[in-house]
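S.K.:
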Amino acid sequence: MAKITLSKLRHSYLSNPKSDSDYALKEIDLDWQDGGAYALLGPSGCGKSTLLNIISGLLVPSEGQILFDGQDVTKLPPDQRNIAQVFQFPVIYDTMTVYDNLAFPLRNRGRDEATVEQRVMAIAEMLEVTEMLNQKAAGLSPDNKQKISMGRGLVREDVNVVMFDEPLTVIDPHLKWKLRSKLKELHQRVKATMIYVTHDQTEALTFADQVVVMQLGEVVQIGTPVELFERPAHTFVGHFIGSPGMNIIPCSYDGAAKVEGHDIVLEGPVRGTPNGQTEIGIRPEFVSLSDSGLPATVTKVSDVGRHTVVECDCLGHKVNAVIEEGAAPEKGAQTHLAFRQDQTRLYVDGWLATDPE
Ligand SMILES: Nc1ncnc2c1ncn2[C@@H]1O[C@H](COP(=O)(O)OP(=O)(O)OP(=O)(O)O)[C@@H](O)[C@H]1O
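Residues 10 to 366 in my numbering are what the sequence shown spells out, letter by letter.
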């Protein structure tokens, strides 16, 4: 396994890019540590596949370098990078048995049969497919086919990185959570460097120790799931992660933050002198209904499991509060919203501008 470094990486599909917007990937500097479990998370079109193709060698970046353990591989073709990939759709040979499918990547590299058997049996046991080993792959369900496809990605112990590209797309929704936790467990057992590409926050947050969030060809934040939830570095991350996402409320700032003339107490000091569009960011989990605070009218009440989401019109802005089940007011009720101070952040032009007290 290897540490992967992306250094000053940029890519444009145009032959003569001029402005930033001509780049599918803006400048990216990133270190993926040896043995880490990473997710690359972002909406469609943010540049995930472009980055994946650059790492796997299908695409040579317009600028910058990729290093595996400090060695420049930017111009190496895919077959010399020693990478395993698991795609959206299973890549297996239908006419072969499950055993032979799992053995294929090892036999292909000339490993002796004793090693092949030992690795195949170990991976089959981890994936809970031992009893299928003698079956022809053609008869497997789509879920099991994708499991075998994952096994083929994980069976070699000498790869630099295993990359998963939206691997649960074909999996039945009720089995998704099972495979998600299986993958996490597999990472802990095989200790390979893994990169998991997805637009689904639940998949990213359950699998990865570190999540790289991308938007419009840029990395907007790298952090643990807790860091992304607690201190989104950008309003995009606040909005994209969480259900419902962070409340983002336009405000003024002249030494103190105000929403429509009402003072808002921030978590701590503001960095520099804000010069740009200012907004308050507060997660619905830290907004409570109260006797004092910002006046609001309840516009919608939705039960979500053990909590209730109360949507309000607060001085002309939509603000969600997540409260305990059973404590919700009726739609149309007049109330006030209180923000938990240590969770009330200021954003300037989308970027976090406050520090904790
Ligand atoms: N072969 C190509 N030629 C020109 N532009 C491309 C090409 N591939 C991707 N793009 C553009 O580059 C940007 C990033 O696309 P990319 O496919 O990397 O995003 P993504 O996050 O993987 O999206 P998706 O999940 O939909 O595949 C998009 O604006 C896309 O239109």
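Backbone N, C-alpha and C fix where the C-beta goes; we use that ideal spot for every residue, glycine too.
Take glutamate 126 as the anchor and find which of Tyr108, Ser261, Val100 and Trp186 has the nearest alpha-carbon.
M.R.: Position 117 of the sequence shown, counting from 1, holds the residue named residue 126. For glutamate 126, the nearest C-alpha among the options comes from Tyr108.
S.K.: When you compare only the Cα positions, how much space is there between tyrosine 262 and glycine 341?
M.R.: Counting from 1 along the sequence shown, the entry for residue 262 is found at position 253. Counting from 1 along the sequence shown, the entry for residue 341 is found at position 332. Near 31 Å, if we compare the C-alpha coordinates of glycine 341 and tyrosine 262.
S.K.: Taking the straight line between their C-alpha atoms, what separation do you get for phenylalanine 238 and asparagine 284?
M.R.: Here residue 238 refers to the residue found at position 229 of the sequence shown. Here residue 284 refers to the residue found at position 275 of the sequence shown. Cα to Cα, phenylalanine 238 sits roughly 26 Å from asparagine 284.
S.K.: Kindly indicate which three-state DSSP category histidine 271 falls into: helix, strand or coil?
M.R.: One-based indexing of the sequence shown puts residue 271 at position 262. Strand at histidine 271.
S.K.: So, is aspartate 174 buried or exposed, given that buried needs 16 or more other C-beta atoms within 10 angstroms?
M.R.: Position 165 of the sequence shown holds residue 174. Buried: at least 16 other Cβ atoms inside 10 Å.
S.K.: Between which residues of its own chain and lysine 267 is the CB-CB distance below 8 Å, once the five residues before and five after are set aside?
M.R.: By 1-based counting over the sequence shown, the position of residue 267 is 258. Once the five neighbours on either side are set aside, the close Cβ partners of lysine 267 are Cys260, Ser261 and Ile273.
S.K.: Report yes if the C-beta of glycine 51 is less than 7 Å from at least one heavy atom of ligand 2; otherwise report no.
M.R.: Ligand 2 is not among the ligands present in this structure, which contains only ligand 1.
S.K.: Below 8 Å on the Cβ atoms is my contact criterion, and I expect aspartate 43 with alanine 93 to pass it. Report the Cβ-Cβ distance as a whole number of Å.
M.R.: Start at 1 with the first residue of the sequence shown, and residue 43 comes out as number 34. Start at 1 with the first residue of the sequence shown, and residue 93 comes out as number 84. That pair is no contact at about 15 Å.
S.K.: Less than 7 Å between C-beta atoms, sequence neighbours within five positions excluded: which residues of the same chain meet that for lysine 154?
M.R.: Here residue 154 refers to the residue found at position 145 when the sequence shown is read from its first residue. Excluding residues within five positions, the ones whose Cβ falls inside 7 Å are Pro99, Ile101 and Ala146.
S.K.: At which residue ranges does the stretch 53–103 contain complete beta strand (DSSP E) runs of 3 or more residues, listed in the order of the chain?
M.R.: 72–77 and 92–95
S.K.: Taking the DSSP output, what are the residues bridged to glutamate 288?
M.R.: Within the sequence shown, residue 288 is the residue found at index 279, counting from 1. Pro259 and Tyr356.
S.K.: Would you say threonine 178 touches ligand 1, meaning its beta carbon is less than 7 Å from a heavy atom?
M.R.: Numbered from 1 along the sequence shown, position 169 holds the residue referred to as residue 178. Result no, Cβ not under 7 Å from ligand 1.
S.K.: Pick from Leu275, Asp81, Ser21 and Leu177: whose alpha carbon is nearest that of glycine 264?
M.R.: As a working note, residue 264 is residue 255 in the sequence shown. Checked all of Leu275, Asp81, Ser21 and Leu177; the closest Cα to glycine 264 is Leu275.
S.K.: Residues in its own chain within less than 7 Å of glycine 226 by CB, not counting five upstream and five downstream?
M.R.: In the sequence shown, counting from the first residue as 1, residue 226 sits at position 217. Correct list, in chain order: Tyr32, Ala33, Leu34, Lys35, Cys55 and Gly56.
S.K.: If you follow the beta strand (DSSP E) that asparagine 329 is in, where does it begin and where does it stop?
M.R.: Along the sequence shown, read from residue 1 onward, the residue named residue 329 stands at position 320. Where asparagine 329 is concerned, the enclosing beta strand (DSSP E) stretches over 326–333.
S.K.: Taking the alpha carbon of aspartate 2 as the point to measure from, which residue in Phe245, Phe249 and Arg280 has its own alpha carbon closest?
M.R.: In the structure as shown, the chain begins at 10 and stops at 366. Residue 2 is therefore absent and cannot be evaluated.
S.K.: Pop quiz: valine 296 and valine 328 are said to be a contact at Cβ under 8 Å. What is the actual Cβ separation, rounded to whole angstroms?
M.R.: Along the sequence shown, read from residue 1 onward, the residue named residue 296 stands at position 287. Along the sequence shown, read from residue 1 onward, the residue named residue 328 stands at position 319. About 6 Å separates the two Cβ atoms, so the contact holds.
S.K.: Going straight from the alpha carbon of glycine 51 to that of threonine 207, what length do you get?
M.R.: For the purposes of this step, residue 51 is taken as residue 42 along the sequence shown, with counting starting at 1. For the purposes of this step, residue 207 is taken as residue 198 along the sequence shown, with counting starting at 1. Approximately 7 Å between the Cα atoms of the pair.
S.K.: When burial is assigned at 16 or more other CB atoms within 10 Å of the CB, is glycine 160 buried or exposed?
M.R.: On the sequence shown, residue 160 is found 151 positions in, with the first residue counted as 1. By the 10 Å Cβ count, glycine 160 comes out buried.
S.K.: Suppose contacts are defined by Cβ-Cβ distances below 8 Å. Is alanine 347 in contact with valine 220 by that definition?
M.R.: Taking the sequence shown and counting its residues from 1, one reaches residue 347 at position 338. Taking the sequence shown and counting its residues from 1, one reaches residue 220 at position 211. Not a contact, by the Cβ cut-off of 8 Å.
S.K.: Consider the C-beta atom of serine 71 and the heavy atoms of ligand 1; say whether any pair is separated by less than 7 Å.
M.R.: Position 62 of the sequence shown holds residue 71. Flag unset: Cβ of serine 71 not near ligand 1.
S.K.: Kindly indicate which three-state DSSP category serine 30 falls into: helix, strand or coil?
M.R.: By 1-based counting over the sequence shown, the position of residue 30 is 21. Correct three-state label for serine 30: helix.
S.K.: Taking the continuous alpha helix (DSSP H) assigned at leucine 111, which residues delimit it?
M.R.: Position 102 of the sequence shown, counting from 1, holds the residue named residue 111. Per DSSP, leucine 111 belongs to the alpha helix (DSSP H) from 107–117.
S.K.: Below 8 Å on the Cβ atoms is my guess for threonine 244 versus glycine 277; work out the distance and round it to an integer in Å.
M.R.: Against the sequence shown, residue 244 aligns to sequence position 235. Against the sequence shown, residue 277 aligns to sequence position 268. Going by Cβ atoms, the distance from threonine 244 to glycine 277 rounds to 18 Å, so no, they are not a contact pair.
S.K.: Is lysine 57 a contact residue of ligand 1, with contact defined as CB to any heavy atom under 7 Å?
M.R.: Counted from its first residue, the sequence shown places residue 57 at position 48. Yes; taking the cut-off as 7 Å, the Cβ of lysine 57 has a heavy atom of ligand 1 nearer than that.
S.K.: Below 8 Å on the Cβ atoms is my contact criterion, and I expect serine 16 with aspartate 38 to pass it. Report the Cβ-Cβ distance as a whole number of Å.
M.R.: By one-based count along the sequence shown, residue 16 stands at place 7. By one-based count along the sequence shown, residue 38 stands at place 29. Their Cβ separation, rounded to whole angstroms, is 6 Å, which keeps serine 16 and aspartate 38 in contact under 8 Å.
S.K.: Using C-beta distances below 8 Å, list every residue in its chain close to serine 301, excluding the 5 sequence neighbours before and after it, in chain order.
M.R.: Locating residue 301 in the sequence shown gives position 292, where the first residue counts as 1. Within the same chain, serine 301 has close Cβ partners His345 and Ala347.
S.K.: At a threshold of 7 Å, does tyrosine 22 count as lining ligand 1 (C-beta to nearest heavy atom)?
M.R.: Residue numbering aside, residue 22 sits at position 13 when the sequence shown is read from its first letter. Yes; taking the cut-off as 7 Å, the Cβ of tyrosine 22 has a heavy atom of ligand 1 nearer than that.
S.K.: Can alanine 213 be considered in contact with ligand 1, in the sense that its beta carbon sits closer than 7 Å to one or more heavy atoms?
M.R.: Taking the first residue of the sequence shown as 1, we reach residue 213 at position 204. Not under cutoff, so the answer is no.
S.K.: Kindly examine ligand 1 and report whether one of its heavy atoms sits closer than 7 Å to the Cβ of glycine 54.
M.R.: For the purposes of this step, residue 54 is taken as residue 45 along the sequence shown, with counting starting at 1. Checking every heavy atom of ligand 1 against the Cβ of glycine 54, one is found closer than 7 Å.
S.K.: Given a cut-off of 8 Å on the beta-carbon distance, is the pair threonine 106 and glutamine 144 in contact?
M.R.: Here residue 106 refers to the residue found at position 97 when the sequence shown is read from its first residue. Here residue 144 refers to the residue found at position 135 when the sequence shown is read from its first residue. In this structure, glutamine 144 lies closer than 8 Å to threonine 106 by Cβ.
S.K.: Write down every uninterrupted run of the alpha helix (DSSP H) in the stretch 213–251 whose length is 4 residues or greater and which is fully enclosed by it, in chain order.
M.R.: Qualifying alpha helix (DSSP H) stretches, in chain order: 234–239 and 244–249.
S.K.: To which residues of the same chain is glutamine 352 closer than 7 Å at the C-beta, ignoring the five residues directly before and after it?
M.R.: Your numbering for residue 352 matches position 343 in the sequence shown. Closer than 7 Å at the Cβ level, and outside the excluded window around glutamine 352, lie Glu276, Ile291, Arg292 and Phe295.
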